[in-house]
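Asks: The opening residue of the sequence shown carries number 584 in this note's numbering; numbering runs sequentially from there.
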Amino acid sequence: MENCNIKIYVVCHKPSYIPENPYLYPIQVGVALGKKRFANMLYDDVGNNISEKNKSYCELTAQYWAWKNDNADYYGFFHYRRYFSFDPNLNRDDGWGNIAYDRITEDVIKELHLNSDEMSKLITQYDIISVKGRKYPRIRDEGKLLDVYHEYGKDPFQHREDLDKTLKIVLNKYPKYKKAVDTYMCDNIAYECNMFIMKRELYQDYCTWLFDILGEVEHQIDMTWYSVREYRVMGYLAERLYGIYYTHLKENKDIRRLELPKTLFHNTEPEQILKPVYKECIPIVLSANDQFSPYLGVMVKSIIENASSDRNYDLIVLFNDISEKNRKLILGMAKNKKNISIRFEQVCQYFDKYKLSVTYHLSVETYYRLIIPEIMPDYEKVLYLDADMVTDADLAHLYDIDISRYMIAAAKDIESAGRVKIDKDWNNYIKNELKISSVFDYFQAGVLVLNLKKFREVTTTEKMLSLASERAWRCQDQDVLNMICKDSVYYLSQEWNVIMNWQRMGQSRMQIMELAPRQLFEEYVKARENLKIAHFAGLQKPWECVDCDLAEYFWHYARLSVFYEKLLLNLKVNNKSEDGTKTRIYNNASIRKSINKIFPIGTRRREVLKLIAGIK
584 MENCNIKIYV VCHKPSYIPE NPYLYPIQVG VALGKKRFAN MLYDDVGNNI SEKNKSYCEL
644 TAQYWAWKND NADYYGFFHY RRYFSFDPNL NRDDGWGNIA YDRITEDVIK ELHLNSDEMS
704 KLITQYDIIS VKGRKYPRIR DEGKLLDVYH EYGKDPFQHR EDLDKTLKIV LNKYPKYKKA
764 VDTYMCDNIA YECNMFIMKR ELYQDYCTWL FDILGEVEHQ IDMTWYSVRE YRVMGYLAER
824 LYGIYYTHLK ENKDIRRLEL PKTLFHNTEP EQILKPVYKE CIPIVLSAND QFSPYLGVMV
884 KSIIENASSD RNYDLIVLFN DISEKNRKLI LGMAKNKKNI SIRFEQVCQY FDKYKLSVTY
944 HLSVETYYRL IIPEIMPDYE KVLYLDADMV TDADLAHLYD IDISRYMIAA AKDIESAGRV
1004 KIDKDWNNYI KNELKISSVF DYFQAGVLVL NLKKFREVTT TEKMLSLASE RAWRCQDQDV
1064 LNMICKDSVY YLSQEWNVIM NWQRMGQSRM QIMELAPRQL FEEYVKAREN LKIAHFAGLQ
1124 KPWECVDCDL AEYFWHYARL SVFYEKLLLN LKVNNKSEDG TKTRIYNNAS IRKSINKIFP
1184 IGTRRREVLK LIAGIK
């Protein structure tokens, strides 16, 4: 059918990524309840509507709106994270009747045949395309195999008596549906989620039938004391009513019908272009996962504590799985700070097609810095900082360094500079595989000033990620940046990236760093006396080992942060001293000395530590 008007409404209650497709129409529901209007969507409070009933009717407010206000040849309904697969033969079930994906990508769109040509060809062959039925597990309930009727009410927020009243209304008002009611209620295959595509005449008939029944149900059910989840009763009941209506249609052999499997997308966050918050600002990019949130929080607190009141700071945290709770805690740190903005940007979608090497100590978040030139197109210069550090200086001074002639500014990796003297394999790796002419020019990528304008002239995010995925580079993205930026590096003073000195079983990082060229090592020693950023890279972390090198810097800012008590709770009471023997913290003189400095006797924080770890 040429020029067929197909409209599939994608029901959204929050901003969501909707792929470009002429048949997909995102519609925001519950707008009349005072919700902020999302851009580029239809709204269910326009014209004849029941938007104010969204808390009870759920996605049905979109169905009602389309029924009363729009005109199409075919009406369809998806959810913001549930679509149909237009490949009827795609058969991959997560146990709940879904074909599960992490997010919507080009490869997923291709696999689902989610393009206008294939969609229209399939849709126009049928009067109704229904969600594929989900078969209940063969378990007994109330002495019978679980069926649609007995499944309703198994959850504490659904009440069987509500379904009973609904079925009674159906039979009283529409007795010709009795066979469909009996058949569907006794079946163990359910048609869920209020998802379908119907021809106009059928859709008009369905809505007239559905909303007439639900209107009567509203009068007969007392929802006064229902919880938020119980109050969604109209949406729950509509799923069962759709199953009855569809079962009734199946009795008519003239109705052309098809069932398609449904998908479930775990992540539908919309793609965003990051723009500067202030006209003039210091952009600071960090990355972390949820497990690392407390340490990220301490780093953010150190930035805020050292920020100048006459400069603006634009903090952007790149993440995949940081919980809403932890995000709120970190965002709260900038409350009432007009010159400090904190934003979280989920970026995992950029890495779907790449196989990136990770280790026990380094997660995929380490690669996030490689996408900064692409996701921040309106920025020309930014700072990137690892989360396992604290700053003891105003980062404005770092940002103000002129790197206009360079791609990047970073501190030389003093550990690497010492290691090349004793590790021939590492020496050859830098020279022959990373193609860096001077092995002492290899830099540490935890603190970076990025000239994004230069980056965009030289390379692209795709090229960098492709290079990163070519092999298991020994230092992951740090090696990639060293290869790409060689001969265009401004070397920062070691003060801006003071690497902590781990100590273990009589060995230490200092023994390696001492082998570095004399001038570099002397610069490092001097930098420790005038430290601007303490970097806890390596084997020991202050949140695990309170007597590790530079721990006092971390705990100074930790006790100012909202994560302080959690960090204390996570402290390991059993630790390893420098000789490798297990020692109780309070019996180790070296550790006790550090504890006394960080948690002075008589202070509130000492009392908290006593409660948590038994320290006296």
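Quick reminder that beta carbons are idealized off the backbone N, C-alpha and C, glycines included.
Where does the unbroken beta strand (DSSP E) through L972 begin, and where does it stop?
Replies: Counting from one through the sequence shown, the residue named residue 972 turns up at place 389. A quick correction: the sequence has Met, not Leu, at residue 972. Its beta strand (DSSP E) spans residues M972 to T974.
Asks: Is E694 near the ligand FMN, with its Cβ less than 7 Å from a heavy atom?
Replies: Within the structure as shown, the ligand FMN is missing, as the structure has no ligands at all.
Asks: Does DSSP put F669 in a helix, a strand or coil?
Replies: The residue labelled residue 669 in the question sits at position 86 within the sequence shown. In this structure, F669 counts as coil in the three-state DSSP scheme.
Asks: Mark G630 as exposed unless 16 or more other C-beta atoms lie within 10 angstroms of its C-beta, in which case mark it buried.
Replies: Against the sequence shown, residue 630 aligns to sequence position 47. Looking at its Cβ environment, which holds fewer than 16 other Cβ atoms inside 10 Å, G630 is exposed.
Asks: Exposed or buried, which one is T1043 when buried takes at least 16 other CB atoms within 10 Å?
Replies: The residue labelled residue 1043 in the question sits at position 460 within the sequence shown. That one is exposed.
Asks: Enumerate, from N- to C-terminal direction, the unbroken alpha helix (DSSP H) stretches of 4 or more residues contained entirely within the stretch 926-966.
Replies: Counting whole runs of 4 or more residues, the stretch 926-966 contains the alpha helix (DSSP H) stretches 955-958.
Asks: Using C-beta distances below 7 Å, list every residue in its chain close to T1164, excluding the 5 sequence neighbours before and after it, in chain order.
Replies: Residue mapping note: residue 1164 aligns to position 581 of the sequence shown, counting from 1. The predicted model places T1164 with a pLDDT of 34, which falls under 50 and marks its position as unreliable; any figure quoted below should be read in that light. Excluding residues within five positions, none has a Cβ falling inside 7 Å.
Asks: Take K1004 and list the residues in its own chain whose beta-carbon comes closer than 7 Å to its own, dropping the five residues that flank it on each side.
Replies: Looking up residue 1004 in the sequence shown gives position 421. Hits under 7 Å: L1098.
Asks: Determine the DSSP secondary structure at S876, reduced to helix, strand or coil.
Replies: Within the sequence shown, the letter at position 293 stands for residue 876. Helix.
Asks: Based on DSSP bridge pairs, tell me the residues matched to G818.
Replies: Locating residue 818 in the sequence shown gives position 235, where the first residue counts as 1. G818 pairs with nothing; no bridge assigned.
Asks: For R665, collect the residues of the same chain with a Cβ closer than 7 Å to its Cβ; drop the 5 residues on either side in sequence, then sort them by chain order.
Replies: As a first step, residue 665 must be located in the sequence shown, where it is residue number 82. Cβ within range, chain order: C776, M778, K845, T846 and L847.
Asks: Under DSSP, the alpha helix (DSSP H) around D788 begins and ends at which residues?
Replies: To locate residue 788, count along the sequence shown from 1; it is residue 205. Residues R783 to Q803.
Asks: Any idea what DSSP makes of S1160, helix, strand or coil?
Replies: As a first step, residue 1160 must be located in the sequence shown, where it is residue number 577. Below a pLDDT of 50, predicted positions are generally treated as unreliable, and S1160, at 43, falls in that range; no measurement from the model is reported.
Asks: Does H802 pass the burial test, meaning 16 or more other C-beta atoms within 10 Å, or should it be called exposed?
Replies: Residue 802 sits at position 219 when you count from the first residue of the sequence shown. Exposed, by the Cβ-count rule.
Asks: Where T707 and Q646 are concerned, what is the direct C-alpha to C-alpha distance, given to the nearest angstrom?
Replies: As a position in the sequence shown, residue 707 is number 124, starting the count at 1. As a position in the sequence shown, residue 646 is number 63, starting the count at 1. Their Cα atoms are separated by approximately 20 Å.
Asks: Alpha carbons only, please: which of E1112, H1139, N1153 and Q1102 is nearest the one belonging to W1126?
Replies: Residue mapping note: residue 1126 aligns to position 543 of the sequence shown, counting from 1. Closest option to W1126, Cα to Cα, is N1153.
Asks: Output needed for K751: all residues of its chain with C-beta closer than 8 Å, excluding positions within five of it in sequence on either side, in chain order.
Replies: Position 168 of the sequence shown holds residue 751. If we look at K751 and ignore the five residues flanking it on each side, it has no Cβ neighbours.
Asks: Is it right to say A1055 is buried, meaning 16 or more other beta carbons lie within 10 angstroms of its own, or is it exposed?
Replies: Within the sequence shown, numbered from 1, the residue matching residue 1055 stands at position 472. Burial call: exposed.
Asks: DSSP has S713 in a bridge; who is on the other side?
Replies: In the sequence shown, counting from the first residue as 1, residue 713 sits at position 130. Beta-bridge pairing links S713 to F779 and E842.
Asks: Take D1024 as the anchor and find which of K884, N919, S1049 and G1001 has the nearest alpha-carbon.
Replies: The residue you call residue 1024 lines up with position 441 of the sequence shown. The shortest Cα separation from D1024 among K884, N919, S1049 and G1001 belongs to G1001.
Asks: Is N1170 helix, strand or coil when you go by DSSP?
Replies: Counting from one through the sequence shown, the residue named residue 1170 turns up at place 587. With a pLDDT of 40 at N1170, under the threshold of 50, the modelled position of that residue is not reliable, and the figure given next carries that caveat. Here N1170 sits in helix by DSSP.
Asks: Hey, E642 and H662 are a contact pair by Cβ (cut 8 Å); roughly how many whole angstroms apart?
Replies: Working through the sequence shown from its first residue, we reach residue 642 at position 59. Working through the sequence shown from its first residue, we reach residue 662 at position 79. The Cβ separation is near 7 Å, so the contact holds.
Asks: The alpha helix (DSSP H) with V1003 in it runs from where to where?
Replies: Within the sequence shown, residue 1003 is the residue found at index 420, counting from 1. Per DSSP, V1003 belongs to the alpha helix (DSSP H) from I997 to I1005.
Asks: CB Y1140 to CB S885, shorter than 8 Å?
Replies: On the sequence shown, residue 1140 is found 557 positions in, with the first residue counted as 1. On the sequence shown, residue 885 is found 302 positions in, with the first residue counted as 1. In this structure, S885 lies closer than 8 Å to Y1140 by Cβ.
Asks: Using only alpha-carbon positions, find the residue among W650, I991, D977 and P877 that is nearest to R952.
Replies: Locating residue 952 in the sequence shown gives position 369, where the first residue counts as 1. Considering only alpha carbons, the answer is I991.
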